[in-house]
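Taken in order, these protein sequences are the chains called F and P. The opening position of the first sequence corresponds to residue 1 in this note's numbering, with each subsequent residue numbered one higher. The opening position of the second sequence corresponds to residue 285 in this note's numbering, with each subsequent residue numbered one higher.
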Amino acid sequence: MIEFPDIVNIPLAAWIDSAMSWLLKHMDGFFDVIGLIILQVVMAFEAVFLFIPWFIVIPLIGLAGWKLVKSWKMALVFIVMLLMIGSFGYWDLAMRTLSLVIASVFFSLLIGIPLGITMAGSDRAEGILKPLLDGMQTMPSFVYLIPALMFFGMGKVPAMVATIIYAVPPVIRLTNVGIRTVDREAVEASKAFGATPRQVLFDVQLPLAKPSIMVGINQTTMMALAMVVIGSMIGAKGLGMEVLLAINRIEVGRGFEAGISIVFLAIIIDRITFSFSEKNEKRK
Amino acid sequence: MSDNAKEKPAETVQVEIRNLWKVFGRDPKKIVNGPLKDKSKEEIKKKTGCVVAMRNINLDIRKGEFYILMGLSGSGKSTLIRNLIRLVNPTSGSVTINGENVTKMSSEDLLQFRRKTFGMVFQHYGLLPHMTVLDNAAYGLKVRGLPKGERFAKAMRSLETVGLKGWEDSYPGALSGGMQQRVGLARALANDPEILLMDEPFSGLDPLIRRQMQDELVELQDRLQKTIIFVTHDLHEALKLGDRIAIMRNGEVVQVGSPEEIVTQPADEYVEEFVKDASPAKVLTAGSIMEDAKVLLYNWEGPKTALTLLRSHKRKAAFVVDKGHKLLGVIKESTLEKLIEADEKPSILPSDSIRKVSTVNEDTILEDLFSIVNENPYPIPVLRGDGRLAGVVTTDQIFESISPAEGENHD
Ligand SMILES: Nc1ncnc2c1ncn2[C@@H]1O[C@H](COP(=O)(O)OP(=O)(O)OP(=O)(O)O)[C@@H](O)[C@H]1O
Ligand SMILES: [Mg+2]
């Protein structure tokens, strides 16, 4: 076998490291502020979900199953699954995980939808963002944990930062696709009547792209859930940490209970967010 | 329709298109200003990858005119109509509407201009599926910032105009194609625009619905007197609706003229091919082929004069008019002879001796003359709008003007 020549050595790792340390040194204050904002938001969600007692949350989610998913059977399934999570003793951890997911999705949408709109409005923006998004989605999820850890230390905040970055591509992509595939004549009609770009966006593009954006939100949420679980590796409290502990201690039963609780959460979140996109399609 | 244009007084040009070019692709200015300018569309496409959608277009569209843009697919009709309100920006040239240079307008002025002057109707309707029919019809008014009550009142009136009363709370998806296009029309009319832009509005409709919509549009135009710029690639639609027709090919205007001119004097082979299956009988009007009545009798002159006149022209019968030049009918030589032989000679031609005949108007198309030709042996009298005799049409004239070989030199 012929070895790859040592002389050809691109020190990419070294470059990235030095860039990171530069950022750490000069942008420290900036990251502190971001971390603080993220922390406040997730704490607010946690406070709400941990404050409302389980006997209110469970019927509420059941109701959501009935009204949004439009199936009383699904409502029943939701309730049973939530009761099982409670019976495993994981209610609080499940609520913490849920808060992390919702807070992360909140930030993902805050970043992703405007980016998607920008991308739809400019071919150049699309040209730059598209390969970036492709790259982000093929990257193994835990790669995001390392820089997050460096900038924000241990705990919830870095886990969320990693989650936001990992989960944001689908909503950007589908907002872009949704807007770009809006009926061209509907957009032209709006413009022909003298609509401002803002009016075109809110009267035509966003409403008509809604089903597609909702699918994006659904995917982003599911990815956020997956990442939040991994985020427990750097200290985000929640169901993921239970799985991690169980693995370390080789407690199969406990790992299974925590694992299946995550699956239940996933099913509930998926069905509810998916119902938004379906409902919009029917009205068309 | 075609004669309306002629009757209209002092025609003001409302839309003035000058040297308008549109080239799609990279660095389009370079083509318009460079040596490639005069090369063919295909050659430019091959050399630079750019598409010449409009080449040096010059048109004048008059106020109140029903103006048709016609041409094969890809000839640049949609591009041209979109340039008028800059949904597509021209590469060079100018568009002046109501004296304002649209090409030079700031984007803020452009928005205001689109709002107050235009209504547009699209081939696939361009409706907003998440809004009710009423909201759709009121959309232009909403963009203009009218309060809810006022814009709904106006939109309702507009929906009534197009015959959609009672559908205001439905969603467009629940309507048939014809009805959706009515919503599109109502939306355009709600603004009370001066100029209606219509890009193949009826192409997607069934023939029957299509004809019905055409008829209604003609009626609407007669009533509202809007300037209508209408894109189609259907010749029959163009002939039926248009006051004037501009024929486009590969981004160029090859001929502008009335339906009659287009059919009878096609400018080149392309237009000829286009109008090949158009029967002149459908576009030529009685007014355009009629001639003066050679012998005309005046009822107050009495039978004797009439008979003398008739005999001197070697005619067996002639038309009779009154002092106001209104047609009374036809009188025969034999009838006149009887009148003279009678005991009491009438000083004027008595009305009971004058036979009534079928008449036509100046803008009756030849097709509608056929049945009358067969009905009586006389030339057909052609009347003005006020009932005065304008001229006559003979059977020979009709057949001469519709036979294709003679179509070109009939005048
Ligand atoms: N956005 C665009 N980018 C590139 N080329 C375009 C664009 N829009 C139109 N063209 C080209 O410009 C030419 C004129 O197109 P246009 O749509 O104006 O034709 P049309 O007469 O309306 O045809 P149709 O009857 O099919 O609607 C065509 O060759 C078309 O391919
Ligand atoms: Mg077109």
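Backbone N, C-alpha and C fix where the C-beta goes; we use that ideal spot for every residue, glycine too. Just so we're clear, the structure is a prediction, and the values are computed from it rather than from any experiment.
Against chain F, the beta carbon of Q396/P has neighbours under 9 Å at G194, listed in chain order. Within the DSSP secondary-structure output, F603/P pairs in a beta bridge with L580/P and V614/P. Ranked by Cα distance from V405/P, the options G238/F, A120/F, V187/F and A19/F are led by V187/F. Less than 8 Å divides the Cβ of V555/P from the Cβ of V538/P.
Judged by DSSP in its simplified three-state form, R249/F adopts coil rather than helix or strand.
Distance from the CA of I493/P to the CA of V446/P, rounded to the nearest whole angstrom, comes to 13 Å. Close to ligand 1, as judged by a C-beta nearer than 6 Å to any of its heavy atoms, are the residues F308/P, V335/P, A337/P, G355/P, S357/P, G358/P, S359/P, G360/P, K361/P, S362/P, T363/P and H517/P, in chain order. DSSP places V8/F in the coil class of the three-state scheme, outside both helix and strand. Relative to ligand 2, the nearest heavy atom lies less than 7 Å away from the CB of D483/P. Of all residues in the stretch 62–76 of chain F, none has a C-beta nearer than 8 Å to a C-beta of chain P.
Within 10 angstroms of the beta-carbon of H597/P lie fewer than 16 other beta-carbons, which makes it exposed.
Across the set P413/P, A474/P and Q681/P, the C-alpha of A474/P shows the shortest separation from the C-alpha of R441/P.
Distance from the CA atom of S362/P to the CA atom of R124/F, rounded to whole angstroms, is 26 Å.
Straight-line spacing of the CA atoms in P374/P and I315/P works out to 13 Å.
Taking every protein chain shown into account, the CB of D17/F has fewer than 16 other CB atoms within 10 angstroms, so this residue is exposed. At a Cβ-Cβ threshold of 8 Å, K306/P and N385/P do not count as neighbours. Closer than 8 Å at the C-beta level to chain P, one finds these residues of the stretch 196–209 of chain F: T196, Q199, D203, V204, P207 and L208. For the stretch 480–508 of chain P, the full-length alpha helix (DSSP H) segments reaching 4 residues or more read 491–508 along the chain. Pairwise C-beta distances place the stretch 581–597 of chain P out of contact with the stretch 558–573 of chain P, as fewer than three of them are shorter than 8 Å. Ranking W451/P, G433/P and D627/P by CA distance to the CA of R466/P puts W451/P first. Spanning the alpha carbons of V372/P and G360/P requires a straight line of approximately 12 Å.
For A120/F, the nearest beta carbon of chain P is not closer than 8 Å to its own beta carbon.
Judged by DSSP in its simplified three-state form, K306/P adopts strand. Of all C-beta pairs linking the stretch 233–242 of chain F to the stretch 149–167 of chain F, three or more are shorter than 8 Å, placing the two stretches in contact. Interface with chain P (8 Å Cβ-Cβ cutoff): E188/F is included. For N317/P, the three-state secondary structure derived from DSSP is helix.
DSSP links L343/P through a beta bridge to I301/P. Under the three-pair Cβ rule at 8 Å, the stretch 333–343 of chain P does not count as touching the stretch 388–400 of chain P. The C-beta separation of L650/P from S685/P comes to about 7 Å, placing the pair in contact by the 8 Å criterion. G526/P is the residue among S454/P, D453/P, G526/P and Y455/P whose C-alpha sits nearest the C-alpha of M482/P. Taking a 10 Å sphere around the C-beta of H414/P, we find 16 or more other C-beta atoms and assign the residue as buried. Using a Cβ-Cβ distance cut-off of 8 Å, the stretch 427–435 of chain P and the stretch 456–463 of chain P are not in contact, since fewer than three pairs of beta carbons, one from each stretch, lie closer than that value. Each residue's CA atom was taken as its position, placing L93/F and F308/P some 59 Å apart. The C-beta of E185/F comes closer than 8 Å to at least one C-beta of chain P.
With fewer than 16 neighbouring CB atoms inside 10 Å of its own CB, K330/P falls in the exposed class. Shown here, A422/P sits in coil according to DSSP, grouped into three states, outside any helix or strand.
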